[in-house]
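Enquirer: Would you mind keeping the following structure in view while I ask a few things?
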């Protein structure tokens with residue numbers, strides 16, 4: 003551990019994914035999801051949603067193996083980038099400075115391999131582009147507003163919570179059992195339910211990245227759009243409503259199998275005494291408020307994570323019980339519930 007002050011993180015800001023076919027990825031992210039192209043060339047596409055004014059919130063970079071290349075957080079000032087460099091150098095993890103423009107549209111930044119095994123960037127300066135909030139002539143019926151959060155798979159959720167707490171993140175909700183086994187946790191810096199979700203499993207892997215819409219109807223339109231294209235197999239789970247976060251959701255798989263969530267209607271968490279909502283792992287409404295079962299692939303599959311050299315990270319197995327072991331029965335779709343002494347979403 004380090005006694006140095008951590009960087010002041012504002013929010014999750016962008017993700018960089020490696021994809022194997024840029025044309026197929028473009029058809030999905032631009033043609034179906036409707037994200038806006040800020041810049042593209044033969045090797046990469048830089049995308050943003052309609053409310054965003056920074057250069058991008060998603061980079062798709064062509065490569066031989068589909069994977070996560072980086073998750074990026076914006077910090078409060080350029081001085082905080084230097085704070086990040088000092089903090090992680092003292093922590094003893096791998097740290098690299100990145101010159102302005104190393105990622106198009108991003109100023110001088112720091113990338114690290116965090117203690118959980120993920121490639122993370124901290125930046126402040128970024129090119130500003132046109133915010134398209136009121137360009138209704140450009141927005142389709144499924145218009146996406148902004149990047150909302152990341153979800154990662156990690157073997158030791160309490161250790162991950164301790165690490166992110168050290169960065170100033172707070173817990174909004176978690177899932178536990180009677181033995182205090184923590185299966186998942188949601189943590190935030192901006193005043194929503196989460197910027198990062200921690201899912202217990204073999205890792206490091208990326209479970210999904212999520213974009214927010216304003217209305218449920220926009221999510222339903224995306225389902226109709228995929229159906230019209232005869233590509234409804236890209237819908238992995240949903241639409242539905244989460245118990246955790248209360249958000250209306252849809253999980254899609256891009257052409258490389260990266261999981262993308264489209265998400266709306268969570269709640270405000272900005273007050274200093276915002277209560278933590280705790281869910282029992284046996285409550286089948288935690289993952290879906292309507293009790294719809296979770297498909298096994300949602301628990302089993304996740305994206306490969308690269309180190310700073312572009313090499314896939316070695317996977318560590320989770321030694322504690324996995325949520326899927328509790329949730330998925332012999333048919334792959336059943337779940338359990340405690341009958342006595344049970345209270346949904348208790349707040350502490």
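In my numbering, the protein residues as written are 3 to 350. For glycine and all other residues, C-beta sits at the position ideal for the given N, C-alpha and C.
#1: Pair every Cβ in the region 283 to 293 with every Cβ in the region 35 to 50, then say whether three or more of these pairs are closer than 8 Å.
#2: Express the C-alpha separation of residue 300 and residue 334 in angstroms, rounding to a whole number.
#3: Between residue 4 and the rest of its own chain, which residues show a CB-CB distance below 7 Å, the 5 nearest in sequence each way excluded?
#4: Suppose you measure from the CA of residue 125 to the CA of residue 306; what does that come to, to the nearest Å?
#5: Can you give me the start and stop residues for the beta strand (DSSP E) that residue 58 sits inside?
#6: Can you name the start and end residues of the alpha helix (DSSP H) that residue 150 belongs to?
#7: Evaluate contact between the region 110 to 127 and the region 196 to 213, counting only Cβ atoms and requiring at least three cross-stretch pairs below 8 Å.
#8: Pick from 21, 61 and 122: whose alpha carbon is nearest that of residue 309?
#9: By DSSP, does residue 111 sit in helix, in strand, or in coil?
#10: Report the option in 316, 29 and 160 whose CA atom is closest to the CA atom of residue 189.
#11: Residue 255: which of 271, 237 and 246 sits nearest, CA to CA?
#12: Measure the alpha-carbon distance for residue 154 versus residue 76 and round it to whole angstroms.
#13: What are the residues that DSSP puts in a beta bridge with residue 13?
#14: If you follow the beta strand (DSSP E) that residue 282 is in, where does it begin and where does it stop?
#15: Pick helix, strand or coil for residue 352, following the three-state DSSP scheme.
#16: Taking the alpha-carbon positions, what's the residue 313 to residue 243 distance?
#17: Relative to the ligand MG, is the shortest distance from any of its heavy atoms to the C-beta of residue 83 smaller than 7 Å?
#18: Would the beta-carbon of residue 278 fall within 8 Å of that of residue 167?
#19: Taking only runs of the beta strand (DSSP E) that begin and end inside the region 137 to 222, which ones reach a length of at least 3 residues, in chain order?
#20: Would you call the region 40 to 53 and the region 61 to 73 touching, i.e. three or more CB-CB distances under 8 Å?
#21: Distance, Cα to Cα, residue 233 vs residue 26?
#22: Which whole-angstrom value is the C-beta distance of residue 68 and residue 259, which I expect to be below 8 Å?
#23: How would you label residue 336, buried or exposed, when you count the other beta carbons within 10 angstroms and need 16 or more for buried?
#24: Taking the alpha-carbon of residue 235 as reference, which of 246, 219, 253 and 221 has the nearest alpha-carbon?
#25: Buried or exposed for residue 292, going by 16 or more other Cβ atoms inside 10 Å?
#26: State buried or exposed for residue 289, treating a residue as buried only when at least 16 other CB atoms are found within 10 Å of its CB.
#27: Rounding to the nearest angstrom, what Cα-Cα distance links residue 311 and residue 325 in this structure?
#28: Within a Cβ cutoff of 6 Å, which residues of the same chain sit near residue 265, ignoring the five residues on either side of it in sequence?
#29: For residue 130, count neighbouring Cβ atoms within 10 angstroms of its own Cβ and tell me buried if that reaches 16, exposed if not.
#30: Around the C-beta of residue 191, are 16 or more other C-beta atoms found within 10 angstroms, so that it is buried, or is it exposed?
#31: Nearest by alpha-carbon distance to residue 219: which of 317, 241 and 318 is it?
#32: Between the Cα of residue 261 and the Cα atoms of 113, 274, 222 and 304, which residue gives the shortest distance?
#33: At which residue ranges does the region 254 to 319 contain complete alpha helix (DSSP H) runs of 4 or more residues, listed in the order of the chain?
#34: Within 10 angstroms of the Cβ of residue 55, are there 16 or more other Cβ atoms? Answer buried if so, exposed if not.
#35: Can you check DSSP and say which residues form a bridge with residue 128?
#36: Going by the CB atoms, is the gap between residue 86 and residue 127 shorter than 8 Å?
Expert: Based on what the coordinates show:
#1: With a cut-off of 8 Å on Cβ pairs, the region 283 to 293 is not in contact with the region 35 to 50, counting fewer than three such pairs.
#2: Because the pLDDT at residue 334 is just 45, under 50, the model does not fix this residue reliably, and the point stays unresolved.
#3: Counting only residues of its own chain and dropping the five nearest sequence neighbours on each side, residue 4 has a CB closer than 7 Å to the CB of 89, 92 and 93.
#4: Distance from the CA atom of residue 125 to the CA atom of residue 306, rounded to whole angstroms, is 23 Å.
#5: The continuous stretches of beta strand (DSSP E) do not include residue 58, and DSSP gives it neither H nor E.
#6: First-last for residue 150: 148 to 156, but that is the beta strand (DSSP E), not the alpha helix (DSSP H).
#7: The region 110 to 127 makes contact with the region 196 to 213: 3 or more CB pairs, one atom from each, lie closer than 8 Å.
#8: Here the closest residue by C-alpha is 122.
#9: Here residue 111 sits in strand by DSSP.
#10: Ranked by how close their Cα comes to the Cα of residue 189, the residues 316, 29 and 160 have 160 in first place.
#11: When only C-alpha atoms are compared, the closest one is 237.
#12: Answer to the nearest angstrom: the Cα atoms are 18 Å apart.
#13: Beta-bridge pairing links residue 13 to 76.
#14: Per DSSP, residue 282 belongs to the beta strand (DSSP E) from 279 to 282.
#15: The first residue shown for the chain is 3 and the last is 350, placing residue 352 beyond what the model contains.
#16: Near 36 Å, if we compare the C-alpha coordinates of residue 243 and residue 313.
#17: What this structure holds is no ligand at all, so the ligand MG is not there to describe.
#18: It is not a contact, given that the beta carbons lie outside the stated cut-off.
#19: Whole beta strand (DSSP E) segments, 3+ residues: 148 to 156, 172 to 178, 184 to 190, 198 to 202 and 207 to 214.
#20: The region 40 to 53, when compared against the region 61 to 73, does touch it at the 8 Å Cβ threshold.
#21: Their Cα atoms are separated by approximately 13 Å.
#22: Taking 8 Å as the upper bound for CB-CB distance, residue 68 and residue 259 are in contact here, some 6 Å apart.
#23: Residue confidence for residue 336 is low, a pLDDT of 48 falling below 50, so the modelled location carries little weight; the figure read from the coordinates is stated next. Residue 336 sits exposed, since fewer than 16 C-beta atoms from the chains shown fall within 10 Å of its C-beta.
#24: Ranking 246, 219, 253 and 221 by Cα distance to residue 235 puts 253 first.
#25: By the neighbour-count rule (16 or more Cβ atoms within 10 Å), residue 292 is not buried but exposed.
#26: So residue 289 counts as buried.
#27: Roughly 32 Å between the two C-alpha positions.
#28: Take residue 265, set aside five residues on each side of it, and the residues of its chain with a beta-carbon closer than 6 Å to its own are 150, 212, 214, 249 and 251, in chain order.
#29: Answer is exposed; the Cβ neighbour count stays below 16.
#30: Residue 191 should be labelled buried.
#31: Of the candidates 317, 241 and 318, the one whose C-alpha sits nearest the C-alpha of residue 219 is 241.
#32: Selected option, being the one with the closest Cα: 304.
#33: Within the region 254 to 319, the complete alpha helix (DSSP H) runs of at least 4 residues are 298 to 302.
#34: With fewer than 16 Cβ atoms within 10 Å of its Cβ, residue 55 is classed as exposed.
#35: Under the DSSP definition of a beta bridge, residue 128 partners with 108.
#36: Going by beta carbons, residue 127 and residue 86 fall outside the 8 Å limit.
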